[in-house]
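Trainee:
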Ligand code: F0G
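In the numbering used here, the protein residues as written are 45 to 503.
1) Let me know if residue 462 comes out buried or exposed under the rule of 16 or more other beta-carbons within 10 Å of its beta-carbon.
2) May I ask you to list the residues that DSSP assigns as paired with residue 140?
3) What does a CB cutoff of less than 8 angstroms around residue 479 pick up in its chain, not counting 5 residues either side in sequence?
4) Which residue comes first and which comes last in the beta strand (DSSP E) that contains residue 500?
5) Run the proximity test for residue 411: is its beta-carbon closer than 6 angstroms to any non-hydrogen atom belonging to the ligand SAM?
6) Could you tell me how far apart the beta carbons of residue 172 and residue 291 are, in whole angstroms, since I believe they sit closer than 8 angstroms?
7) Which residue marks the beginning of the alpha helix (DSSP H) containing residue 74, and which one marks its end?
8) For a minimum of 4 consecutive residues, which ranges assigned as the alpha helix (DSSP H) are wholly contained in the segment 86-157?
9) If you follow the alpha helix (DSSP H) that residue 416 is in, where does it begin and where does it stop?
10) Give the list of continuous beta strand (DSSP E) stretches no shorter than 3 residues that lie fully inside the segment 251-319.
11) By how many angstroms is the C-alpha of residue 200 removed from the C-alpha of residue 219?
12) For residue 143, which residues in the same chain have their Cβ closer than 7 angstroms to its Cβ, ignoring the five residues on either side in sequence?
13) Between the segment 345-358 and the segment 120-133, do three or more beta carbon pairs fall short of 8 angstroms?
14) Considering only heavy atoms of the ligand F0G, does any lie closer than 6 angstroms to the CB of residue 193?
15) Determine the direct distance from the alpha carbon of residue 395 to that of residue 387, and round the result to whole angstroms.
16) Quick one: is residue 58 buried, meaning 16 or more other Cβ sit within 10 Å of its Cβ, or exposed?
17) Given residue 472, which residues of its chain have a CB within under 6 angstroms of its CB, disregarding the five upstream and five downstream residues?
18) How about residue 227: is its Cβ closer than 6 angstroms to a heavy atom in the ligand F0G?
19) Is it right to say residue 280 is buried, meaning 16 or more other beta carbons lie within 10 angstroms of its own, or is it exposed?
20) For residue 165 and residue 355, which I take to be in contact (beta-carbon distance under 8 angstroms), what is that distance rounded to the nearest angstrom?
21) Can you find at least 3 beta carbon pairs, one from the segment 401-421 and one from the segment 444-456, that sit closer than 8 angstroms?
22) Are the beta-carbon atoms of residue 92 and residue 425 separated by less than 7 angstroms?
23) To test your reading of the DSSP string, which unbroken beta strand (DSSP E) runs of 3 or more residues are found completely within the segment 156-235?
24) Assuming residue 205 and residue 229 make a contact with CB atoms under 8 angstroms, what is their CB distance in whole Å?
25) According to the Cβ coordinates, are residue 434 and residue 494 closer than 7 angstroms?
26) Just mark residue 167 as buried or exposed, buried being the case when its beta carbon has 16 or more other beta carbons within 10 Å.
27) Regarding residue 445 and the ligand F0G, is the C-beta to nearest heavy atom distance less than 6 angstroms?
28) Using beta-carbon positions only, say whether residue 81 and residue 486 come within less than 7 angstroms of one another.
29) Note down, in chain order, each residue of its chain lying with its Cβ closer than 7 angstroms to the Cβ of residue 94, except the 5 sequence neighbours on either side.
30) I need the boundaries of the alpha helix (DSSP H) containing residue 381, first residue and last residue.
31) DSSP three-state call for residue 50: helix, strand or coil?
32) How about residue 393 and residue 202: do their beta carbons lie closer than 7 angstroms?
33) Who are the Cβ neighbours of residue 85 in its own chain at under 7 angstroms, not counting the five residues just before and after it?
34) Taking residue 550 and residue 73 to be in contact with their CB atoms under 8 angstroms, please state how far apart those CB atoms are, rounded to whole angstroms.
35) Is residue 144 a contact residue of the ligand F0G, with contact defined as CB to any heavy atom under 6 angstroms?
36) Return the chain-ordered list of same chain residues with a C-beta closer than 7 angstroms to the C-beta of residue 324, the five sequence neighbours on each side being excluded.
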């Protein structure tokens, strides 16, 4: 039976949302050129576009906002933020940035010291890949094969394929590897966790070849909770201690704080001990993000972030959070809808390659399912597949993604199980009509990160 965990909070402020009619949605979608990113949010009933910056802050966070010190340099808020990050990571040097990609634009060009270098990752998130490429380097994804067996249980589908990673290092030459990036949880693989055993092996590799290990840890707390639930030897560990062990293996931690730090905006760069690298990062932070004690954030943002980082590690919160995602995933599986199994930490990933085998990858099967779900139930989701992946920079051809996902990302502390039931019903109805779905093509295609602003038409 699909049971659920009772939330460890009650609701003290509400934001009204409104259902629209099918006819309204048809008009909205046409005006948005069949791209859900172009919808006004008032056209959306339940918004599962992203879990990034869309969560609810606690009353402790709202109270902390009032203590924001808006001094340009050396504000009290910076020091509180710095202390919170140091306490969790054990790292020496901390820089705030406006969000995750702010950290990427500062760090990636410093690691890619000359043109033609490579980053190897369990899987690059799309903005990470974009910043790797903007820095003149190449992004290589190297996730374990289990990840591709969508319907088969495996506890750590986000892991790095360590053998393959070592082969890349040997073949490409150690001096050409700019860094190894562990994305935890592994967003593009379905929000799948990485085990500490796997991270230890990757750490050993980076030690052997003297390469920097970077954690892209937007969802490090969710990953830590999965380790507690699934990895032998961690059953009775504290979440915070698991996270600390994770940070011990890396050199640099980049975070989009809009996820596990439970804030609407913010990010950070944390460096374990390399002072020279920290100084280089500070140098780039000034022109791109702002003075290194505010990095594009208001003092009040840093206050909310400091509190949110700690709340994000609370075990009761995490258990409920992961359980909401599992609940939705189970409902869909019970109805035969193919999903990445088991569910990841922040989202349910629906496998649209097998739902729409009649739509070729370059007519974007997952986008077609996302649009159909919007029309059906007013639920906004996002395509993570060939539409997002874009074109090969060298040949200009569409790249075929290994996955065609519809991602249902669940904002933190925002929706109830009743909302999730509505979503499940909508997805199941679309699944029943799957043979009628049609592919899409471009009316307008932007050159970079095309999925955000492209215009599409049905073919
Ligand atoms: N790294 C990962 C693993 C992410 O999931 C994201 C953002 C970023 C970096 C970039 O952070 O948005 O703060 O600049 N992911 C969001 C998502 C956008 O919807 O998955 P950002």
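In this text, a Cβ means the ideal position worked out from N, Cα and C, and glycines have one as well.
Mentor: Let me spell this out:
1) By the neighbour-count rule (16 or more Cβ atoms within 10 Å), residue 462 is not buried but exposed.
2) 312, per the DSSP bridge assignment.
3) Result list for residue 479: 402, in chain order.
4) From DSSP, the beta strand (DSSP E) with residue 500 extends over 499-502.
5) This structure lacks the ligand SAM; its bound ligands are the ligand F0G.
6) With a Cβ gap of about 18 angstroms, residue 172 and residue 291 do not count as contacting.
7) First-last of the alpha helix (DSSP H) with residue 74: 66-75.
8) The qualifying runs are 103-109, 120-133, 144-155.
9) It spans 409-421 - the alpha helix (DSSP H) in which residue 416 sits, taken as one unbroken run.
10) The qualifying runs are 257-260, 296-300, 311-315.
11) C-alpha of residue 219 to C-alpha of residue 200: approximately 30 angstroms in a straight line.
12) Closer than 7 angstroms at Cβ, skipping near neighbours: 300, 302, 309, 310, 311.
13) Yes, they touch.
14) Using a cutoff of 6 angstroms, the CB of residue 193 does not count as near the ligand F0G, since none of the ligand's heavy atoms is closer than that.
15) Computed Cα separation, rounded: 12 angstroms.
16) Residue 58 should be labelled exposed.
17) Sequence-distant partners of residue 472 (beyond 5 residues in either direction) whose C-beta falls short of 6 angstroms from its own C-beta, in its chain, are 379.
18) Placement of the Cβ of residue 227 at a distance of less than 6 angstroms from at least one heavy atom of the ligand F0G is found.
19) Label assigned to residue 280: exposed.
20) About 28 angstroms separates the two Cβ atoms, so there is no contact after all.
21) Because the criterion of three Cβ pairs below 8 angstroms is met, the segment 401-421 and the segment 444-456 touch.
22) Judged by their CB atoms, residue 92 and residue 425 are nearer to each other than the 7 angstroms cut-off.
23) List check, beta strand (DSSP E) in window: 162-165, 182-185, 221-227.
24) Rounded, the Cβ-Cβ distance is 17 angstroms, inconsistent with contact.
25) It is a contact, given that the beta carbons lie within the stated cut-off.
26) Buried is the label assigned to residue 167, since at least 16 other Cβ atoms lie within 10 Å of its Cβ.
27) Residue 445 Cβ: outside cutoff for every heavy atom of the ligand F0G.
28) The beta carbons of residue 81 and residue 486 sit no closer together than 7 angstroms.
29) Leaving aside the five residues that flank residue 94 on each side, the residues in its chain whose CB is nearer than 7 angstroms to its CB run, in chain order, 426, 453.
30) From DSSP, residue 381 is part of no alpha helix (DSSP H); its letter is neither H nor E.
31) Correct three-state label for residue 50: coil.
32) 7 angstroms or more divides the Cβ of residue 393 from the Cβ of residue 202.
33) Scanning its chain for C-beta atoms nearer than 7 angstroms, with the 5 sequence neighbours on each side dropped, one finds around residue 85 the residues 91, in chain order.
34) Residue 550 lies beyond the residue range present for the chain, which begins at 45 and ends at 503; the question has no answer from this structure.
35) Under cutoff, so the answer is yes.
36) Cβ within range, chain order: 154.
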